[in-house]
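*Asks:* Input: one structure, supplied below.
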Amino acid sequence: MSRYVINVLASQDLNEIADYFAENSVEAGERFFHDFNRKCQQLVAFPNSGKSYKTIHPGLRGLSFEGYVIFYRLLDDGIEILRVVSGRRNFPSLFEESN
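Just so we're aligned, residue -14 is where the sequence shown starts under this note's numbering, counting upward by one.
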């Protein structure tokens, strides 16, 4: 069965996003996380639909989502969400320690 897993760094990213919504709009946060789950399920079904970021890190893929980029890698039985960050961030610096 295909699945998605969220690693520690992505979990921290999502906690920061949740904190933002908790302070600004709980309803918007609920919509965001509902849509995020749907987007991840879509990626499980169509894992190559995201853009390749192999120039930053081998096997890295990403998909834009509501001003953020969901970075992930393919697993044998699904995908692993690596980071969920603002589309304005310096992407290469996010993965320097992983090289």
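By construction, the Cβ of each residue, glycine as well, lies at the ideal position given by its N, Cα and C atoms.
Just so it is clear, the structure is predicted and the values come from calculations on it, not from any experiment.
With residue 46 and residue 36 assumed to form a contact (beta carbons below 8 Å), what rounded beta-carbon distance in angstroms separates them?
*Replies:* Taking C-beta atoms under 8 Å as the contact rule, residue 46 and residue 36 qualify, at a distance of about 7 Å.
*Asks:* Can you round the beta-carbon distance between residue 6 and residue 17 to whole angstroms, since I take them to be within the 8 Å contact cut?
*Replies:* 6 Å
*Asks:* With 16 as the cutoff for other CB atoms within 10 Å, does residue -5 come out buried or exposed?
*Replies:* buried
*Asks:* Please determine, among -11, 78, -9, the residue with the shortest C-alpha to C-alpha distance to residue 41.
*Replies:* Between residue 41 and the set -11, 78, -9, the nearest pair of CA atoms involves 78.
*Asks:* For residue 52, I'd like the list of residues in its chain whose CB is within less than 7 Å of its CB, leaving aside the five on either flank, ordered along the chain.
*Replies:* Counting only residues of its own chain and dropping the five nearest sequence neighbours on each side, residue 52 has a CB closer than 7 Å to the CB of 71, 72.
*Asks:* With a Cβ-Cβ cutoff of 8 Å, do residue 44 and residue -12 count as a contact?
*Replies:* no
*Asks:* Would you mind working out which of 29, 50, 14, -3 sits nearest residue 65, comparing C-alpha positions?
*Replies:* 29
*Asks:* State the start and end residues of the unbroken alpha helix (DSSP H) segment that holds residue 17.
*Replies:* 11 to 30
*Asks:* For residue 25, which residues from the same chain have a beta carbon less than 6 Å from its beta carbon, with the 5 sequence-adjacent residues on both sides left out?
*Replies:* -11
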